[in-house]
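Residue numbers (UniProt numbering): 1 to 500.
Listed below in structure tokens is the structure:
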């Protein structure tokens, strides 16, 4: 029994003894692909440059010119996402992957491979690398933007911004501007500010459309505005005119600067969110994308001349429009809205202009004669028939019975007739009506009517009413209004020549 136990112990120990084993052969290493010669030459530009110091953008441009026609077929399965990438920031494998991707892209195959590859390609186009001229580069940039922004909306937004700046920098046709995002908002703002700068050249509706664009309160969406557009337009423009007068008397800043925009010039840099190296010498030039927005380059430095909104200007203008909306709703028995917090002088102006507007409107309605204009055509036709019946055929002699003869009345002296006609000019029409009639006779612009807060239809009706006794007909018709040709000569003689 004892011997058996000892044998078992020896057997177990033998099972744990180390014996000689064959050493396995190491796997054959994968041969490392040699770096292409041109790629090594590109890398050497970092240290062989004649410049003691060069920026990343300068180095990128030199390397891009060297690699303009380089093609590769290297399989790189990774994705590279770097901000402001350059060739020098990528490894050899990543860089060869880029040039393989670019080779396919130039052949029409667009593939999403990370933000860095797309950025590098755009940086090349910004420098006209691989392009005949700026127009060719723009077309390639635009085509790439349209296709790649579907694959990667994030980089697509930046590319669209670079697209517009490319048009400005190289002086291409302004019609190529994409007007996306912030650029579209700036375009609408510039158009509205331009209208406000030249109010006299626009209708009340056009001015109000501009005011609504510049306001944080969208008055045009109001139930009141949709139901009483003309009245709201007239009151709003009158209020804004009064506000302008208040600023002139009591403020050091103008109402236009505080509520609309201020003219300014600021330094700026195109392609600020890209790796871009401008030439050492740039020609002085100006690029205008709108009469109120132009870019100027002087000695290589860019500046933007534009009209910009003051801080919280949309909110200040919006408060006035909301105040008008709230006050007018009571007049038209519409559901009330919460009025804004206005200054006392603002509330006073709004209430005064509303009262004045409706008082003038009521007075105009009281003066208006309700004429049945549908019968005027029949009256004219009957007059023509009567005139034909009174025409005596040539050679006939009109014989009237003695009893029908009327005593002849000598005509009034010429000087008396002139006095009467002169009295008509000054007494029949008021100043605004006379101004409108003379403008129509002289074929002048009448946009001032609405811009000054008058209602065109009321003025036309007033003129027709006051001259009806003289002409037994309307003298102004149509939309837009025009003087009836039959009475034009007489009106010119009376109201133009007679006023000189």
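Glycine is no exception: its CB is placed at the ideal position from the N, C-alpha and C atoms. Since the structure is predicted, the reported quantities are computational estimates derived from the model, not experimental observations.
Opening and closing residue of the beta strand (DSSP E) in which residue i lies
i: residue 268; result: 262-268
i: residue 302; result: 301-308
i: residue 289; result: 285-290
i: residue 296; result: 293-298
Residue j beta carbon less than 9 Å from that of residue i
i: residue 126; j: residue 88; result: no
i: residue 112; j: residue 61; result: no
i: residue 84; j: residue 56; result: yes
i: residue 170; j: residue 137; result: yes
i: residue 310; j: residue 257; result: yes
i: residue 39; j: residue 92; result: yes
i: residue 242; j: residue 353; result: yes
i: residue 203; j: residue 458; result: no
i: residue 492; j: residue 475; result: no
i: residue 440; j: residue 481; result: yes
i: residue 68; j: residue 129; result: yes
i: residue 96; j: residue 36; result: yes
i: residue 542; j: residue 217; result: Only positions 1 to 500 of the chain appear in this structure, which leaves residue 542 out of reach.
i: residue 308; j: residue 264; result: yes
i: residue 274; j: residue 44; result: no
Backbone CA spacing between residue i and residue j [nearest angstrom]
i: residue 295; j: residue 107; result: 36 Å
i: residue 145; j: residue 206; result: 35 Å
i: residue 140; j: residue 276; result: 17 Å
i: residue 253; j: residue 351; result: 24 Å
i: residue 332; j: residue 451; result: 23 Å
i: residue 78; j: residue 114; result: 9 Å
i: residue 488; j: residue 449; result: 21 Å
i: residue 266; j: residue 248; result: 27 Å
i: residue 8; j: residue 33; result: 59 Å
i: residue 100; j: residue 73; result: 5 Å
i: residue 177; j: residue 271; result: 15 Å
i: residue 172; j: residue 165; result: 10 Å
i: residue 319; j: residue 209; result: 17 Å
i: residue 278; j: residue 456; result: 57 Å
i: residue 349; j: residue 340; result: 15 Å
i: residue 231; j: residue 306; result: 33 Å
i: residue 495; j: residue 442; result: 11 Å
i: residue 298; j: residue 304; result: 11 Å
i: residue 432; j: residue 364; result: 12 Å
i: residue 148; j: residue 194; result: 36 Å
i: residue 453; j: residue 477; result: 21 Å
i: residue 361; j: residue 328; result: 15 Å
i: residue 436; j: residue 244; result: 25 Å
i: residue 54; j: residue 281; result: 17 Å
i: residue 423; j: residue 223; result: Caution applies to residue 423, whose pLDDT of 41 falls short of 50 and renders its modelled position unreliable; the value that the coordinates give is listed next. Rounded to the nearest angstrom, the two C-alpha atoms are 47 Å apart.
i: residue 183; j: residue 301; result: 22 Å
i: residue 472; j: residue 479; result: 21 Å
i: residue 366; j: residue 444; result: 29 Å
i: residue 461; j: residue 180; result: 47 Å
i: residue 269; j: residue 102; result: 28 Å
i: residue 199; j: residue 262; result: 16 Å
i: residue 168; j: residue 174; result: 8 Å
i: residue 221; j: residue 82; result: 45 Å
i: residue 438; j: residue 497; result: 10 Å
i: residue 499; j: residue 201; result: The predicted model places residue 499 with a pLDDT of 49, which falls under 50 and marks its position as unreliable; any figure quoted below should be read in that light. Looking at the two C-alpha atoms, the distance is approximately 26 Å.
Rounded distance between the beta-carbons of residue j and residue i, thought under 8 Å
i: residue 260; j: residue 196; result: 5 Å
i: residue 117; j: residue 80; result: 6 Å
i: residue 94; j: residue 121; result: In fact, because the Cβ distance is near 14 Å, the residues do not count as touching under 8 Å.
i: residue 238; j: residue 357; result: 6 Å
Start and end residues, alpha helix (DSSP H) containing residue i
i: residue 246; result: 229-250
i: residue 330; result: 313-331
i: residue 142; result: 134-151
i: residue 194; result: 182-197
i: residue 501; result: The structure shown does not extend to residue 501, since the chain is modelled only from 1 to 500, so the question has no answer here.
i: residue 93; result: 92-106
i: residue 448; result: 448-451
i: residue 440; result: 431-441
i: residue 356; result: 344-367
i: residue 110; result: Run containing residue 110: none; DSSP gives neither H nor E here.
i: residue 218; result: Segment: none, residue 218 is in no alpha helix (DSSP H) and carries neither H nor E.
i: residue 115; result: 115-126
i: residue 63; result: 56-66
i: residue 490; result: 485-491
i: residue 471; result: 456-471
| query | Does the segment 224-240 come within contact of the segment 152-162, defined as at least 3 CB pairs closer than 8 Å? | reply | Using a C-beta cut-off of 8 Å, the segment 224-240 makes no contact with the segment 152-162, since fewer than three inter-stretch Cβ pairs fall below that distance.
| query | So, do the segment 189-197 and the segment 207-217 have three or more beta carbon pairs nearer to each other than 8 Å? | reply | Contact holds: three or more Cβ-Cβ distances are below 8 Å.
| said: Can you confirm whether the segment 428-435 touches the segment 458-475 when touching is taken to mean that 3 or more C-beta pairs between the two stretches lie within less than 8 Å? | reply: Touching, yes, given that three or more Cβ pairs across the two stretches are closer than 8 Å.
| query | Is there contact here, the segment 323-338 with the segment 278-288, by at least three beta-carbon pairs under 8 Å? | reply | Short answer: they don't touch.
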